[in-house]
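S.K.: Chains as they are written, first to last, in the numbering used here: chain A, 64 to 508; chain B, 153 to 676. If you scroll down you'll find the structure; I have some questions about it.
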């Protein structure tokens with residue numbers, strides 16, 4: 064793979080390479096290359112000078128928020144793990160990166176697997192876990208190979224296994240390849256899959272921190288979240304918290320977006336890719352400045368800021384900063400921070416068919432509203448596309464959104480509703496223009 | 153609802169004392185820590201609709217019909233999985249709760265075939281019931297339905313229709329958790345998810361048919377019962393299974409002289425919600441085409457003639473007096489399925505004949521840890537308590553009472569040389585018989601049985617099953633005691649029951665089940 068390193072054009076916010084510092088270095092996935100560049104120094108520092116509680120405290124201080132999409136404060140999550148539990152504790156690294164348009168974790172696993180492993184080990188040390196599972200999307204064979212290679216190197220170097228670096232800390236790690244289900248990226252669906260069962264999400268509570276893998280305390284974090292931890296341990300949580308967007312003192316719920324973030328752009332743009340920035344650049348700069356903007360002769364129509372599961376923004380809304388609270392404020396969300404761009408050639412009805420089909424196909428089938436509702440929405444969009452829709456169909460869709468969102472075990476159904484509802488709201492004339500002449504569609508039961 | 157009532161809330165002490173109560177629709181409801189909201193609500197009789205929840209299985213929370221409003225939470229919550237917490241305010245009838253419920257009902261029917269007119273579940277289908285209660289009356293789903301496999305055999309006894317299935321996973325959880333045989337699993341995903349059979353396409357458990365009762369819709373139907381009768385033409389009687397000595401509580405469904413089906417009836421102390429397949433299907437002798445419907449006398453030429461009860465009693469009286477005069481002692485051999493009342497009078501009859509009453513009952517080898525026991529005499533324990541000896545080898549007897557083939561087998565019947573025979577079926581009458589009375593089966597009589605644990609339970613006669621108008625064995629035996637001028641003569645069923653209650657030999661049995669039969673049937 065070639066790295067996306069490009070010289071920033073004049074006037075562009077420069078990249079801040081923390082996670083991506085080793086990207087582009089030949090052989091960056093091997094221990095002999097990265098060890099002299101600082102790999103495992105944080106682990107050594109933690110094992111020799113910090114207690115597990117101190118590591119957790121640093122992560123809390125850093126205000127690091129989860130990079131998987133939900134943005135939950137990582138240190139708080141670590142604090143939920145009952146370290147006094149006599150059971151075996153687990154760290155599960157969520158590397159089932161199956162969100163459409165998202166490929167940031169893949170870069171980390173392929174180009175710096177030791178950074179990911181070191182982050183996992185630090186988390187395991189902090190919460191008292193003795194086993195690490197990295198649950199990798201099955202369609203990422205190179206990630207799997209590089210992670211397994213890194214684990215073998217680390218084991219041979221005394222960085223993984225019994226009495227790591229001569230300390231009393233012992234921890235094992237395994238790569239667990241998924242089998243290609245989107246739902247196994249949902250943390251409890253992933254745990255079920257890890258245990259050898261169908262990837263059916265669990266009802267919470269109990270939360271995984273208390274009862275996760277094999278009914279034992281389990282810390283689950285995204286790849287990118289864990290990859291931040293070595294830097295935090297070396298430089299301190301306060302240094303991390305200084306980067307990015309500070310909390311809004313006027314709004315206690317806006318806890319800020321600290322640190323750097325891998326951000327990506329895909330779709331019909333000139334230069335799709337992944338870059339790393341301090342939080343604070345705008346979505347417009349990401350899409351136009353780094354993504355290169357629409358292809359020649361096209362205009363930008365809509366952008367989903369992160370993955371597929373967030374409400375769309377129009378060109379006029381792109382000046383929002385890429386941050387958890389900032390995007391929430393405009394009715395969307397940061398998600399995975401990997402933007403999907405749609406240009407003027409994109410038929411929004413067909414886009415909705417595509418989105419609804421994805422979620423209908425990936426619905427695990429467990430609970431009623433998602434199992435039946437996602438495919439129903441797809442069928443209605445298809446009918447509209449075929450010119451057979453009626454105004455009642457648009458009302459029906461609006462009603463179905465309400466009957467699906469918030470009514471299910473996990474957030475997959477919410478993730479289906481959010482982009483669809485926003486597209487229908489912001490591009491309604493496109494749908495209305497496709498409707499057939501109104502006819503009664505209500506029949507007897 | 154079966155869950156035992158939680159203990160009363162402790163008296164309020166200091167101000168912050170926990171009361172372990174929640175509020176459901178304004179009503180204070182006590183809970184035991186660990187209970188979920190639906191359990192606490194059901195325990196006090198507040199109905200919360202549910203498909204995938206079952207008190208005997210783990211909680212899946214997938215059907216979403218039990219959603220209620222929890223004050224302070226913006227989203228409706230599934231009450232089956234929501235742990236009770238001090239002071240929670242739950243609303244089961246608020247606009248949010250009702251809207252959520254109606255939304256789920258609509259989703260459940262989007263791809264449902266709505267084939268109630270040809271569905272066996274019609275009349276006891278929760279989809280129908282909840283549609284009526286919470287549904288929208290008109291369908292907004294005018295798109296083509298998703299089509300799935302139909303008429304799929306799940307082994308020889310169960311048929312699966314994936315289009316009717318609401319994927320509640322009750323059947324899967326049953327074979328995972330209760331029988332632990334794992335023959336079923338969910339396969340596929342999205343609205344193509346279906347129940348699939350693992351392994352070799354047949355259940356290894358003898359309890360598979362419970363999944364038919366568990367199924368809240370018409371997705372799992374019984375090969376034995378399907379298409380035989382609409383439920384509203386049937387008559388239902390709470391009674392017992394007599395397939396073995398467990399005494400599983402059942403509901404017997406019958407129609408115009410035919411026993412149509414047996415289904416388990418909840419009893420926390422005996423069979424909980426379940427029964428075995430052999431017991432469920434072991435009613436063939438009730439519907440036998442050779443059932444005896446009238447007394448018979450053997451003619452001089454060896455043929456049989458149907459006679460009145462009075463004529464048969466006269467002949468039987470003469471026969472018994474002759475046997476007593478001969479001084480050989482007249483023994484009575486009883487089927488181990490006979491009720492305590494019948495056995496009591498049979499014992500008195502034997503005494504009047506200067507003989508002994510004995511019983512015979514089959515012993516199987518299929519006993520297991522769940523319900524099935526090796527003892528097949530449904531009242532063997534009762535017979536023993538009454539002092540009847542168990543007979544396993546052929547021995548002479550004057551009187552033979554035989555309900556079905558299994559307990560008093562052909563060797564014992566033929567070996568008895570009995571001249572007076574009470575039999576439910578002509579096929580069970582030995583060649584030695586001269587007078588034959590038809591014997592009601594378990595489906596046609598009121599009787600007390602003692603199960604393997606010493607629990608006295610009541611059989612109840614179905615008004616629809618079997619030949620109509622049969623005299624009870626208690627009546628006939630009492631008439632015979634009169635014929636023999638026995639001092640024990642002159643008792644009705646009620647007299648016999650009073651006598652049984654007074655017997656010191658039976659005092660150690662558990663009588664509570666007879667006092668309070670028929671625990672309220674639990675909706676599955």
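Glycine residues also receive a C-beta, built at the ideal position from the N, C-alpha and C atoms.
Which residues in the same chain as residue 330 of chain A place their Cβ atom closer than 6 Å to its Cβ, once the five residues preceding and following it in sequence are excluded?
M.R.: So the list reads 403, 404, once near-sequence residues are dropped.
S.K.: Using a beta-carbon distance cut-off of less than 8 Å, what residues from the stretch 432–443 of chain A approach chain B?
M.R.: The stretch 432–443 of chain A vs chain B, Cβ under 8 Å: 432, 434, 435, 436, 437, 438, 439, 442, 443.
S.K.: How would you list, in chain order, the residues of chain A whose beta-carbon sits under 7 Å from the beta-carbon of residue 252 of chain B?
M.R.: Going along chain A in sequence order, the residues near residue 252 of chain B (Cβ under 7 Å) are 470.
S.K.: For residue 282 of chain A, tell me which candidate among A:190, A:105, A:486 has the shortest Cα-Cα distance.
M.R.: Taking only the C-alpha atoms, the option nearest residue 282 of chain A is A:190.
S.K.: Should residue 213 of chain B be flagged as near chain A, meaning a C-beta pair shorter than 8 Å?
M.R.: Closer than 8 Å: yes.
S.K.: In chain A, which residues lie with their C-beta within 7 Å of the C-beta of residue 298 of chain B?
M.R.: The contacting residues are 438.
S.K.: Could you give the first and the last residue of the continuous alpha helix (DSSP H) run that contains residue 650 of chain B?
M.R.: 645–654 is the extent of the alpha helix (DSSP H) around residue 650 of chain B.
S.K.: Which residues does DSSP pair with residue 365 of chain A in a beta bridge?
M.R.: DSSP, once it has assigned bridges, lists A:377, A:405 as partnering residue 365 of chain A.
S.K.: Quick check on the DSSP output: what are the complete alpha helix (DSSP H) runs of length 4 or more inside the stretch 278–317 of chain B, in order along the chain?
M.R.: As far as the stretch 278–317 of chain B is concerned, its whole alpha helix (DSSP H) runs of at least 4 residues are 278–286.
S.K.: Can you list the residues of chain A that residue 340 of chain B reaches, using a CB-CB cut of under 8 Å?
M.R.: The answer, in chain order, is 428.
S.K.: Is there a Cβ from chain A that is less than 8 Å from the Cβ of residue 293 of chain B?
M.R.: So yes, residue 293 of chain B belongs to the interface.
S.K.: Below 6 Å CB to CB, which residues in the same chain sit around residue 585 of chain B once its five sequence neighbours on both sides are set aside?
M.R.: Cβ within range, chain order: 573.
S.K.: Pull up the CB-CB distance for residue 498 of chain A and residue 432 of chain A, whole angstroms please, since I reckon it's below 8 Å.
M.R.: Contact flag wrong, Cβ pair sits at about 26 Å.
S.K.: For the stretch 446–470 of chain A, enumerate the residues whose C-beta is nearer than 7 Å to any C-beta of chain B, in chain order.
M.R.: Under the 7 Å Cβ criterion, the stretch 446–470 of chain A contributes 446, 459, 466, 469, 470.
S.K.: Helix, strand or coil for residue 405 of chain B, going by three-state DSSP, please let me know.
M.R.: Residue 405 of chain B falls in the strand class under three-state DSSP.
S.K.: In its own chain, which residues sit with a C-beta less than 7 Å from the C-beta of residue 190 of chain B, not counting the 5 before and 5 after it?
M.R.: So the list reads 200, 202, 205, 218, 231, 232, once near-sequence residues are dropped.
S.K.: According to DSSP, is residue 525 of chain A part of a helix, a strand, or is it coil?
M.R.: In the structure as shown, chain A starts at 64 and stops at 508, and residue 525 of chain A therefore has no counterpart that could be examined.
S.K.: Do you know offhand how far residue 518 of chain B's Cα is from residue 310 of chain B's?
M.R.: Approximately 21 Å between the Cα atoms of the pair.
S.K.: Around the Cβ of residue 229 of chain A, are there at least 16 other Cβ atoms within 10 angstroms (buried) or fewer (exposed)?
M.R.: Exposed, because fewer than 16 other Cβ atoms sit within 10 Å of the Cβ of residue 229 of chain A.
S.K.: Below 7 Å on C-beta distance, what does residue 362 of chain B contact in chain A?
M.R.: By Cβ distance, chain A contributes nothing, its closest Cβ being about 23 Å from residue 362 of chain B, past 7 Å.
S.K.: Is the stretch 274–292 of chain B in contact with the stretch 300–310 of chain B, if contact means three or more CB pairs nearer than 8 Å?
M.R.: No, the stretch 274–292 of chain B is not in contact with the stretch 300–310 of chain B.
S.K.: By DSSP, does residue 487 of chain B sit in helix, in strand, or in coil?
M.R.: Of the three classes helix, strand and coil, the one that applies to residue 487 of chain B here is strand, per DSSP.
S.K.: What is the rounded straight-line gap between the Cα of residue 665 of chain B and the Cα of residue 607 of chain B?
M.R.: Computed Cα separation, rounded: 7 Å.
S.K.: On the CB-based measure, 16 or more other CB atoms within 10 Å of its CB, does residue 408 of chain B come out buried or exposed?
M.R.: Flag for residue 408 of chain B reads exposed.
S.K.: Can at least three beta-carbon pairs, one atom from the stretch 238–248 of chain A and one from the stretch 413–429 of chain A, be found at a separation below 8 Å?
M.R.: The stretch 238–248 of chain A, when compared against the stretch 413–429 of chain A, does touch it at the 8 Å Cβ threshold.
S.K.: Can you tell me which of A:118, A:434, A:367, A:337 puts its alpha carbon nearest to the alpha carbon of residue 484 of chain A?
M.R.: Looking at the Cα atoms, A:367 is the closest of the given residues.
S.K.: Is residue 137 of chain A closer than 8 Å to residue 284 of chain A when the C-beta atoms are compared?
M.R.: Against a cut-off of 8 Å, the Cβ pair of residue 137 of chain A and residue 284 of chain A comes out as a contact.
S.K.: State the CB to CB distance for the pair residue 385 of chain A and residue 342 of chain A, rounded to an integer number of angstroms; the pair is presumed to be in contact (CB under 8 Å).
M.R.: The pair is a contact, with the Cβ atoms about 6 Å apart (cut-off 8 Å).
S.K.: Can you tell me which residues form a DSSP beta bridge with residue 336 of chain A?
M.R.: Answer by DSSP bridge pairing, in chain order: A:328.
S.K.: If distances are taken between C-alpha atoms only, which option among B:556, B:354, B:474, B:251 comes closest to residue 530 of chain B?
M.R.: Measuring from the Cα of residue 530 of chain B, the nearest candidate turns out to be B:556.
S.K.: What residues from the stretch 405–429 of chain B come within 9 Å of chain A, judged by C-beta to C-beta, listed N to C?
M.R.: Cβ contacts with chain A come from no residue of the stretch 405–429 of chain B.
S.K.: In whole angstroms, give me the CA-to-CA distance for residue 154 of chain A and residue 177 of chain A.
M.R.: Cα to Cα, residue 154 of chain A sits roughly 16 Å from residue 177 of chain A.
S.K.: For the alpha helix (DSSP H) containing residue 291 of chain A, name the first residue and the last one.
M.R.: Per DSSP, residue 291 of chain A belongs to the alpha helix (DSSP H) from 286–298.
S.K.: Are the CB atoms of residue 467 of chain B and residue 449 of chain B within a distance shorter than 8 Å?
M.R.: In this structure, residue 467 of chain B lies closer than 8 Å to residue 449 of chain B by Cβ.
S.K.: Which of the three DSSP states, helix, strand or coil, is assigned to residue 208 of chain A?
M.R.: Correct three-state label for residue 208 of chain A: helix.
S.K.: Can you pull the chain B residues whose beta carbon is under 7 Å from the beta carbon of residue 261 of chain A, in chain order?
M.R.: Near residue 261 of chain A (Cβ distances below 7 Å), the residues of chain B are 338.
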